[in-house]
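Participant: If you scroll down you'll find the structure; I have some questions about it.
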Amino acid sequence: MKTIGITGRSGCGKSSVTALLRQKGYPVIDGDELSRQILQKGSPCLALLAETFGADILDEEGELRRRLLADRAFATPEGTQKLTSITHPEIFRRLEADRQAAAERGSSLYFIDGAVIVGTPFEALCQKLVLVTTPFEESVRRICARDGISPEMAARRLKAQPPQEELEQRADFVLHNDGTPAQLAGQVEELLKKL
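In case it helps, the working numbering puts the sequence shown at residues 366 to 560.
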């Protein structure tokens, strides 16, 4: 079974690509969803995070105060490193279990959907990397519609992400999501033939 990473900057349309892959019956794991799951009440990560960043990052119900954790974790490079050293192993463990189950079911391809694959340990899992792109202005428009934020905030978010050119250099395949849904579906078909 080949493991394929699907990445791209915010608002590029990765979820449109992964929806097409799921419709065709391919297993796709969503990195963002995994990241949310490991921070839910009862997750083993929460106790370690509270130990590292302060017990008050959890409310009386044991739910994570996300903003407080983010403020503390991202205040310094060391904090960010501590956060990833706690969360990444658990994400990795869950991803591996899912990937193993897909292999046992006989899947030929397994897709990891993640905004942050390049430059992380998850990149090493991928035999091929697919980059989804869209023009900057279109990404801004999609982020605004999806998250209800201003164009300035959306643009700032995009500018904080790795540059498009850097991602293109690492990618094995590039899907240009700047046309119709049918055109994107055609590109996905071509991609699957090549894979």
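Each residue gets a CB set at the ideal place from its N, CA and C atoms; glycine is no exception.
At which residues does the alpha helix (DSSP H) containing residue 508 begin and terminate?
Facilitator: 501-512 is the extent of the alpha helix (DSSP H) around residue 508.
Participant: Secondary structure at residue 494, three-state DSSP: helix, strand or coil?
Facilitator: Three-state result, residue 494: strand.
Participant: Do residue 535 and residue 483 have their CB atoms nearer than 9 angstroms?
Facilitator: Yes, Cβ-Cβ distance for residue 535 and residue 483 is below 9 angstroms.
Participant: Report yes if the CB atom of residue 487 is closer than 9 angstroms to the CB atom of residue 370, and no otherwise.
Facilitator: In this structure, residue 370 lies closer than 9 angstroms to residue 487 by Cβ.
Participant: State the Cα-Cα distance for the pair residue 533 and residue 499, rounded to the nearest angstrom.
Facilitator: Approximately 12 angstroms, taken between the alpha carbons.
Participant: Report the rounded CA-to-CA distance for residue 527 versus residue 473, giving the unit in angstroms.
Facilitator: Each residue's Cα considered, the two are about 30 angstroms apart.
Participant: Below 8 angstroms, can you find three or more Cβ-Cβ pairs linking the segment 500-508 to the segment 409-425?
Facilitator: Verdict: no, contact absent.
Participant: Indicate whether at least one CB of chain C lies closer than 9 angstroms to the CB of residue 491.
Facilitator: Any reference to chain C falls outside this structure, which holds one protein chain only.
Participant: For a minimum of 4 consecutive residues, which ranges assigned as the alpha helix (DSSP H) are wholly contained in the segment 399-472?
Facilitator: Within the segment 399-472, the complete alpha helix (DSSP H) runs of at least 4 residues are 409-418, 431-438, 442-469.
Participant: Tell me the DSSP secondary structure of residue 367 in three-state form.
Facilitator: Residue 367 falls in the strand class under three-state DSSP.
Participant: So residue 497 packs on residue 382, CB below 8 angstroms; how close in whole Å?
Facilitator: Contact flag correct, Cβ pair sits at about 5 angstroms.
Participant: Determine the closest residue to residue 552 out of 531, 495, 519, with distance taken between C-alpha atoms.
Facilitator: If we check each option's Cα against that of residue 552, 495 comes out closest.
Participant: Measure the alpha-carbon distance for residue 531 versus residue 549 and round it to whole angstroms.
Facilitator: Approximately 22 angstroms, taken between the alpha carbons.
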